[in-house]
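Enquirer: Sequence order for the protein chains is Y and E. Just so we're aligned: 160 in UniProt numbering is position 160 of the first sequence, and the numbers increase by one with no gaps anywhere. Just so we're aligned: 97 in UniProt numbering is position 97 of the second sequence, and the numbers increase by one with no gaps anywhere. Quick reminder that beta carbons are idealized off the backbone N, C-alpha and C, glycines included.
2 protein chains.
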Amino acid sequence: MGIEIERKYLVKKAEWRSHKEKLNQNVLALGIKYYQGYLPTSNETTVRIRIIGEHSYLTIKSKTTGHTRAEFEYPIPLEDGQQILENLCLRPIIEKVRYQVNYGGLIWEVDEFFGENQGLIIAEVELENETQNIDIPSWIEREVNDKKYFNSSLIKYPYNQWQDQG
Amino acid sequence: MGIEIERKYLVKKAEWRSHKEKLNQNVLALGIKYYQGYLPTSNETTVRIRIIGEHSYLTIKSKTTGHTRAEFEYPIPLEDGQQILENLCLRPIIEKVRYQVNYGGLIWEVDEFFGENQGLIIAEVELENETQNIDIPSWIEREVNDKKYFNSSLIKYPYNQWQDQG
């Protein structure tokens, strides 16, 4: 088991784009395509299937308390992952490209969403404890704690249906 | 992935007990204790954690069609299994002793339930196809197709709450 302590931020799109172009010139941040889906669960427990290239993972996460949740992740055969994603997961599937950026001694994961969540860009940073100090990059707009930004929420209420796309 | 084709039967308790005594004299059917729990899911998809002795398994099953459902099973570390069972699974946990009996060329799994399902004994037989012929042992009472006999149902509506314990 792992404990995931994570904070989540909205990204300033123009600033992020120009930062990404600089990164790309340095061949630093090549995005990786992620497909992920969720089994129909309740109680804020999530069961996620994720496909990254030729790899597939099954991940169980507990309810979040503060910024923390328990996480159990297992690699599974790609074919299983594809079948579970296709036949057992709720629709829509999450499609995103993830960029990894080193900043202030931490790894920031910036997710650009596609499909029904096209237009949403979220940055996440994983911490070692809840009170850890964080240097905020200039392309971060603001922290978001609303559960609607959870990937597992974006399949129920995707970004293209939001009234307030802030 | 596997496809699970399974039929489920109620067991005649007295006949089973006397059959089991004969088996035990031959050291054939020593029961094994199973602990299993379910994450809170919907749509008849189930996510099960099972602990058998020092081993733990994570199993995803699809909705049942006829006698068939898709099944994806992965061994996971025992410590993970115990933590998921304790912290993430719905209550009650299923506790049962499983006996394996060879009969008519098939392996019958007879589950004697404990805890809140004390008194229930169910036999299951796994088949290669839906129309396969089955020799029914004398200690079988009748086939049951009602979903209330699913282990995943027995945690929501355990046997000790049934009006009709048939």
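Look at D135 (chain Y) and Y103 (chain Y) and say whether their C-beta atoms are less than 8 Å apart.
Expert: The count along the first sequence starts at 1 and reaches residue 135 (chain Y) at position 135. The count along the first sequence starts at 1 and reaches residue 103 (chain Y) at position 103. Yes. Within cutoff.
Enquirer: Excluding five sequence neighbours on each side, which residues of the same chain lie with their C-beta closer than 8 Å to the C-beta of K156 (chain E)?
Expert: Numbered from 1 along the second sequence, position 156 holds the residue referred to as residue 156 (chain E). Once the five neighbours on either side are set aside, the close Cβ partners of K156 (chain E) are L90.
Enquirer: Beta carbons nearer than 8 Å to chain Y: which residues of the UniProt domain "CYTH" (2 to 156) of chain E have them?
Expert: Listed by position, the residues of the UniProt domain "CYTH" (2 to 156) of chain E near chain Y (Cβ gap below 8 Å) are L39, P40, T41, S42, N43, T45, V47, L58, I60, S62, A70, F72, Y74, I76, E79, D80, Q83, I84, N87 and L88.
Enquirer: Does the beta-carbon distance from S56 (chain E) to L39 (chain E) come in below 8 Å?
Expert: By one-based count along the second sequence, residue 56 (chain E) stands at place 56. By one-based count along the second sequence, residue 39 (chain E) stands at place 39. Going by C-beta atoms, S56 (chain E) is not nearer than 8 Å to L39 (chain E).
Enquirer: How is W162 (chain E) classed by DSSP in three states: helix, strand or coil?
Expert: As a first step, residue 162 (chain E) must be located in the second sequence, where it is residue number 162. Here W162 (chain E) sits in coil by DSSP.
Enquirer: Which residue comes first and which comes last in the alpha helix (DSSP H) that contains L127 (chain E)?
Expert: Locating residue 127 (chain E) in the second sequence gives position 127, where the first residue counts as 1. Careful: L127 (chain E) lies outside any alpha helix (DSSP H), inside the beta strand (DSSP E) at I121 to L127.
Enquirer: CA-CA distance, V27 (chain Y) and I52 (chain Y)?
Expert: In the first sequence, counting from the first residue as 1, residue 27 (chain Y) sits at position 27. In the first sequence, counting from the first residue as 1, residue 52 (chain Y) sits at position 52. With a pLDDT of 48 at V27 (chain Y), under the threshold of 50, the predicted position of this residue should be treated as unreliable, though the coordinate-derived value follows. Their backbone Cα atoms lie some 20 Å apart in a straight line.
Enquirer: Just to check my reading of the structure: Y74 (chain Y) and Y74 (chain E) have Cβ atoms closer than 8 Å, yes? What is that Cβ distance to the nearest angstrom?
Expert: By one-based count along the first sequence, residue 74 (chain Y) stands at place 74. By one-based count along the second sequence, residue 74 (chain E) stands at place 74. Contact holds; Cβ gap of about 6 Å.
Enquirer: Which residues in the same chain as R69 (chain Y) place their Cβ atom closer than 7 Å to its Cβ, once the five residues preceding and following it in sequence are excluded?
Expert: Here residue 69 (chain Y) refers to the residue found at position 69 when the first sequence is read from its first residue. The answer, listed in chain order, is E4, K61, S62 and K63.
Enquirer: Starting from A70 (chain E), follow its DSSP beta bridges and name the residues at the other end.
Expert: Numbered from 1 along the second sequence, position 70 holds the residue referred to as residue 70 (chain E). Per DSSP, E:I3.
Enquirer: What is the DSSP secondary structure of N43 (chain E), reduced to helix, strand or coil?
Expert: Translated into the one-based positions of the second sequence, residue 43 (chain E) becomes position 43. Coil, per DSSP.
Enquirer: Among the candidates Y:A14, Y:I49 and Y:Q161, whose CA atom is the shortest distance from the CA of N117 (chain Y)?
Expert: For the purposes of this step, residue 117 (chain Y) is taken as residue 117 along the first sequence, with counting starting at 1. The shortest Cα separation from N117 (chain Y) among Y:A14, Y:I49 and Y:Q161 belongs to Y:Q161.
Enquirer: Under the three-state reduction of DSSP, which class applies to D146 (chain Y): helix, strand or coil?
Expert: The residue given as residue 146 (chain Y) occupies position 146 in the first sequence. In the structure shown, D146 (chain Y) sits in coil (DSSP, three-state: anything other than H, G, I, E or B).
Enquirer: Could you check what DSSP says for G37 (chain E) in three-state terms: helix, strand or coil?
Expert: Within the second sequence, the letter at position 37 stands for residue 37 (chain E). If DSSP states are grouped into helix, strand and coil, G37 (chain E) belongs with the strands.
Enquirer: Tell me which residues share the same chain as M1 (chain E) and place their Cβ nearer than 8 Å to its Cβ, disregarding the 5 neighbours each side in the sequence.
Expert: As a working note, residue 1 (chain E) is residue 1 in the second sequence. Result list for M1 (chain E): A70, E71 and F72, in chain order.
Enquirer: Assuming D111 (chain Y) and I122 (chain Y) are in contact, meaning their beta carbons sit under 8 Å apart, how far apart are those beta carbons, in whole angstroms?
Expert: Sequence index remark: in the first sequence, residue 111 (chain Y) carries index 111 (1-based). Sequence index remark: in the first sequence, residue 122 (chain Y) carries index 122 (1-based). Sure, about 5 Å apart at Cβ, within 8 Å.
Enquirer: Got a sec? Which residues, its chain only, sit under 7 Å from P158 (chain E) by beta carbon, not counting five neighbours each side?
Expert: The sequence position of residue 158 (chain E) within the second sequence is 158, counting from 1. Excluding residues within five positions, the ones whose Cβ falls inside 7 Å are P92, E116 and N117.
Enquirer: Alpha carbon to alpha carbon, how far is F114 (chain E) from E143 (chain Y)? Give it in angstroms, no decimals.
Expert: By one-based count along the first sequence, residue 143 (chain Y) stands at place 143. By one-based count along the second sequence, residue 114 (chain E) stands at place 114. About 49 Å.
Enquirer: Assuming G105 (chain Y) contacts Q165 (chain Y) under a Cβ cut-off of 8 Å, what Cβ separation, rounded to an integer in Å, is found between them?
Expert: Your numbering for residue 105 (chain Y) matches position 105 in the first sequence. Your numbering for residue 165 (chain Y) matches position 165 in the first sequence. Incorrect: roughly 32 Å between the Cβ atoms, too far for contact.
Enquirer: Which residue from E:T41, E:H67, E:E21 and E:Y9 puts its Cα closest to that of Q132 (chain E)?
Expert: Position 132 of the second sequence holds residue 132 (chain E). Nearest option by C-alpha distance: E:H67.
Enquirer: In this structure, does DSSP put L106 (chain Y) in helix, strand or coil?
Expert: Taking the first sequence and counting its residues from 1, the one referred to as residue 106 (chain Y) is at position 106. Reduced to three states, the DSSP call for L106 (chain Y) is strand.
Enquirer: Using the Cβ count rule (16 or more neighbours within 10 Å means buried), how would you classify S18 (chain Y)?
Expert: Your numbering for residue 18 (chain Y) matches position 18 in the first sequence. Burial call: exposed.
Enquirer: Output the boundary residues of the beta strand (DSSP E) element that contains I60 (chain Y).
Expert: Position 60 of the first sequence, counted from the start, is the residue given in the question as residue 60 (chain Y). Note, I60 (chain Y): beta strand (DSSP E), H55 to K61.
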